[in-house]
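Residue numbers (our numbering): 379 to 1033.
Each remark here refers to the structure printed beneath this line.
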């Protein structure tokens, strides 16, 4: 493309041409717009012309009007657009000065302006800043920044305001699991079905809402490296001032009350019927704290959260009086006799129930009479005993299990959950595989299959059958011999599943990895191979996987003595672990392989002579860690600069 750009730039700057219209013709998808944009932003072109504009009026009506313009009118329109750009720059500088040069205020303001780029929009924001700061004239700069943060909230569209205010439920700087947050928003009715696009679920709309809050610099998000479906792993409010703004607005608008027993602060409006209440608990609740909890649990509550990091013991009265409750969260809590408080099974409007990181021995059968329950999070800290009556929860959309669970009445049968979209923690040891095959609306599946090639075959067949709906699959397979003819065929089917995002295989593969084809592992981001006993170098295949970001070869997964990684291989890999490869002596890495590798771990590879020379040119490689490696191997790393870009090198010698 470089030659085409230079040629077109030359034509654009040619003063001898009788006209300056250059047409780019070609079928859709060839890159005409990309090429035109590169020319438009080329430094020589920008320097040559006094005024320039890109796509003056992008609407169909605007395009028609421009096409009908005479040359003189068109010149005036273009001139008006270069002028607007200079005015925007002037206004931008003024607003930055008003922010006092502080990053928080500037980033929040930038997020606000990113939503509208018209001159009138910028002028309106600039005037609003003036009016906000004038009200606080004479106060400290921090108050001015608070006013800018307040302005960013007021500029939110109506549908984002409650989603933002709900983030005040959590303690300061807490990283909130995004999938958990989406389910909370859904239970509260904050995600409108009218916002759904074709093929979207309400969960997809919730993710779009969070992305918009992040683009406005009101929320910080952590990317999810190990998922092709969940874009963000966690999120939290951008700054202390943003959290203060969130809580103040939540109280002012009678949206949320917060009682923080950990820090001794609260945002509580006792004069009104606020429908949401969040308790942040300290390690030990004294009697006065418990009395405070009871007094604030008003009958009108729709949302109630108990949040603890340290396993707080809750002694609570019956929940039966909270008849309107839709959302109930116990996070990191313990209960008297390890049983849920009385009355929860009577909350007939409950949509969301979470016991995440809490200690509960069992769930009563009566809990499954909650006909409107949509999300049930059973990722408890301990093994939980469950009644085999899940089919009663006909409206359930999202079900999260801890792997360690027991059940009364044989394997847990999930047949009847016809609306289920998320199933995390399915285990063939404790859950009925035939029941899983009845779930035809699942979009996200995390499953563990052990010691049964028959059950694995049933699950893989089901994944193929619902492939048009399934968006993300994570599988852990152990005790299955993939070196057999049946096993190798099954492995090939697994690896071409479009939804496969994470795969962990414990068991023999031998040399039965399939040959590469473009359909293989198109969305696989994390692969763990343990005990595979491969004699041939698997890198020839693995390095071609386009989305792979994490790879573990562990415990005899490779029995050969040589490994070669070719140029341009592993284009997205960030994390590589080699563990327990007893025969590996030579590892060669060609230049321009592993271009994004950031973390390398080598453990119990006793015959490996040295790390590859090709790793020394990888600027992204920040961390190297060795464990149980021979001293002479580690000494080479200590005495040389083989990894000049690494900022962390941790070496553990073999005893």
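C-beta: ideal position from N, C-alpha, C; glycine also.
Computed from a predicted model, the values in this text were never measured in an experiment.
Item, Value
"Residue nearest to residue 912 in terms of C-alpha spacing, selected from 631, 884, 774", "884"
"The beta strand (DSSP E) enclosing residue 601, as first and last residue numbers", "597-601"
"Reduced DSSP secondary structure (H/G/I, E/B, other) of residue 849", "coil"
"Segments of 4+ residues assigned as alpha helix (DSSP H) that fall wholly inside the stretch 903-936", "917-920"
"Cβ contact (3+ pairs, closer than 8 angstroms) linking the stretch 742-756 and the stretch 766-781", "yes"
"Beta-carbon spacing of residue 685, residue 658 below 8 angstroms", "yes"
"Meets three-Cβ-pair contact criterion under 8 angstroms: the stretch 759-770 and the stretch 736-749", "yes"
"Cα-Cα separation, residue 635 to residue 828", "46 angstroms"
"Of the residues 1000, 637, 577, the one placed nearest residue 1022, counting alpha carbons only", "1000"
"Per-residue DSSP class, three states only, for residue 967", "strand"
"Residue 902 versus 908, 795, 874, residue with shortest Cα-Cα distance", "874"
"Cβ-based burial, residue 543 [other Cβ within 10 Å; buried from 16]", "buried"
"Span separating the alpha-carbon of residue 837 from that of residue 849", "15 angstroms"
"Delimiting residues of the alpha helix (DSSP H) encompassing residue 423", "421-426"
"Close-in-space but distant-in-sequence residues of the same chain around residue 437 (CB under 8 angstroms, 5 per side omitted)", "Its pLDDT being 48, under 50, residue 437 is placed unreliably by the model, and the measurement read from it follows with that caveat. None."
"Residues bridged to residue 744 [DSSP beta-bridge criterion]", "DSSP output for residue 744 lists no bridge partner at all."
"Straight-line Cα distance separating residue 466 from residue 641", "44 angstroms"
"Delimiting residues of the alpha helix (DSSP H) encompassing residue 657", "Unbroken run through residue 657 is the beta strand (DSSP E), 654-658; no alpha helix (DSSP H)."
"Coil, strand or helix - residue 705 by DSSP", "strand"
"Residue 977 - partner residues in DSSP beta bridges", "953, 1001"
"Rounded C-alpha distance that separates residue 625 from residue 529", "15 angstroms"
"Pair within 8 angstroms by beta-carbon distance, residue 810 and residue 783", "no"
"DSSP state of residue 550 mapped onto helix, strand, coil", "coil"
"Unbroken stretches of the alpha helix (DSSP H), 4 residues or longer, contained in the stretch 770-851", "811-814, 831-843"
"Residue 629 vs residue 645 beta-carbon contact at 8 angstroms", "yes"
"Endpoints, beta strand (DSSP E) assigned at residue 1010", "Looking at the DSSP string, residue 1010 is not in any beta strand (DSSP E); the run it does join, the alpha helix (DSSP H), is 1009-1017."
"Cβ contact check for the stretch 990-997 and the stretch 964-971: 3 or more pairs under 8 angstroms", "yes"
"Straight-line gap, residue 786 to residue 602 (C-alpha atoms, nearest Å)", "36 angstroms"
"Check: residue 573 C-beta below 7 angstroms from any heavy atom of the ligand FMN", "What this structure holds is no ligand at all, so the ligand FMN is not there to describe."
"Backbone CA spacing between residue 728 and residue 705 [nearest angstrom]", "6 angstroms"
"Identity of the residue in 872, 590, 555 nearest residue 881 by Cα", "872"
"Neighbour-count burial assignment, residue 400, 16 or more Cβ in a 10 Å radius", "exposed"
"Residues of its chain near residue 815, where Cβ-Cβ distance is below 7 angstroms and the 5 sequence neighbours each way are ignored", "836, 840"
"Presumed contact (8 angstroms Cβ cut-off) between residue 652 and residue 627, rounded CB distance", "Not a contact, Cβ separation roughly 13 angstroms."
"Exposure label - residue 1038; buried when at least 16 CB within 10 Å", "Nothing can be reported for residue 1038: it is not among the residues displayed for the chain, which extend from 379 to 1033."
"8 angstroms Cβ shell around residue 886 - same chain, five flanking residues per side excluded", "859, 860, 861, 909, 910, 911"
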